[in-house]
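For the sequence shown, the positions run 0 to 201 when numbering that gives the first Met the number 0 is used. The C-beta atom is built at its ideal place from N, Cα and C for all residues, glycine as well. Predicted model, so just to flag it, every value in this text is computed and none were measured.
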Amino acid sequence: MRYSRRDFLKATAGSGLIALTTGSDGVVAAFAAPPVPIPTPMTKETATFNINGRNYQAEYEARTTLWEVIAVKLGLTGTNRSCNRASCGACSVLLDGTPFYSCHTLAMEAVGKKIFTVEGLGDEKNLHPMQKIGYLYMAADCGFCTPGWEVTAKGLLDKNLNPSVDEVKSALAGHICRCAAYSAIIRTVIDTGKVLRGEAEL
Ligand code: FES
Ligand code: FES
């Protein structure tokens, strides 16, 4: 391709580069395109986070993770951060009903969405059936993974109250239990479905 002097001048002007040109009198002149304005980087923002049906205000930076907002800034410490590598699932929360690893979700991605954490499931005075059944089946040993899979299982049961074992395994595939309580966890989710469907009692 032939590249003309005119093309060169157009390109350098567009990119803001300085171009030199020599006049007939031998004087070298320089000209430059006006600098392109650089957007100001975001430092801090304040937004409303809707967590378990309640609105919270929190300040965050572009790099702040959702876990940092939930657990550190707002003090909802039920959501555990374990690997911090998007591998174990301990930090899972629901965003508009879909599970996300909060350690690898930016806070800004959750603004305007409905966030569900383990605190929304139940508490020591009012346990959710899944928590009662999990306790009976010893589906937790150290308990570090528990808030994560419970929240994901809640998301599954909200969509499908009668999941098969394979569907439970598939939904919980992103969760690692270092204490290997897997069989008790799966039984817990299946039997929680039975209670919520009214086919079993606690
Ligand atoms: S702490 Fe987020 S996936 Fe392990
Ligand atoms: S109960 Fe210990 S990691 Fe699951």
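From Leu105 to Lys168, what distance separates their C-alpha atoms?
27 Å
According to DSSP, residues forming a beta bridge with Phe115:
Beta-bridge annotation (DSSP): Phe115 is paired with Leu93.
Could you tell me the alpha carbon to alpha carbon distance between Ala199 and Phe143, rounded to whole angstroms?
28 Å
State yes or no: is the C-beta of Thr151 nearer than 7 Å to some heavy atom of ligand 2?
no
Can you list, in chain order, the residues of its chain whose CB lies under 6 Å from that of Glu60, leaving out five sequence neighbours each side?
Cβ neighbours of Glu60 beyond the five flanking positions: Lys43.
Going by other Cβ atoms of all chains shown within 10 Å of its Cβ, with 16 needed for buried, is Ile37 buried or exposed?
By the neighbour-count rule (16 or more Cβ atoms within 10 Å), Ile37 is not buried but exposed.
Using beta-carbon positions only, say whether Leu92 and Thr78 come within less than 8 Å of one another.
For the sequence presented, residue 92 should be read as Val rather than Leu. Going by C-beta atoms, Val92 is nearer than 8 Å to Thr78.
At the level of alpha carbons, what is the spacing between Lys72 and Leu201?
About 37 Å.
Residues near Lys113 by beta carbon distance below 6 Å, same chain, minus five either side
Asn49, Asp95
Ligand 1 heavy atoms versus the CB of Arg84: any closer than 7 Å?
yes
Please state whether DSSP places Met0 in a helix, a strand or coil.
For Met0, the pLDDT reaches just 48, beneath the cut-off of 50, and the residue's location in the model is therefore unreliable, although a value from the coordinates is still provided. Coil.
May I have all residues whose beta carbon comes closer than 7 Å to any heavy atom of ligand 2, sorted in chain order?
Ala139, Asp140, Cys141, Gly142, Phe143, Cys144, Thr145, Cys176, Arg177, Cys178, Ala180
Count the other C-beta atoms from every protein chain shown that fall within 10 angstroms of the C-beta of Cys176, then say buried if there are 16 or more, exposed otherwise.
The residue is buried, with at least 16 neighbouring Cβ atoms inside 10 Å.
Assuming Ala106 is part of the alpha helix (DSSP H), what are its boundary residues?
106 to 109
Pick from Cys82, Asp157, Leu65 that is closest to Ala109, judged by C-alpha positions
Leu65
Would a C-beta distance cut-off of 8 Å place Ala46 and Ala57 closer than the cut-off?
yes
Assuming contact is defined by CB atoms lying nearer than 8 Å, are Lys158 and Met129 in contact in what I supplied?
no
Does the distance from the C-beta atom of Ile69 to that of Thr116 stay below 8 Å?
yes
With Gly173 and Cys90 assumed to form a contact (beta carbons below 8 Å), what rounded beta-carbon distance in angstroms separates them?
About 11 Å; that fails the 8 Å criterion.
Between which two residues does the alpha helix (DSSP H) holding Ser184 run?
The amino acid at residue 184 is misidentified as Ser; the sequence shows Ile. Element bounds for Ile184: 181 to 195.
Expected contact under 8 Å - CB spacing of Thr63 and Gly133 to nearest Å
Going by Cβ atoms, the distance from Thr63 to Gly133 rounds to 31 Å, so no, they are not a contact pair.
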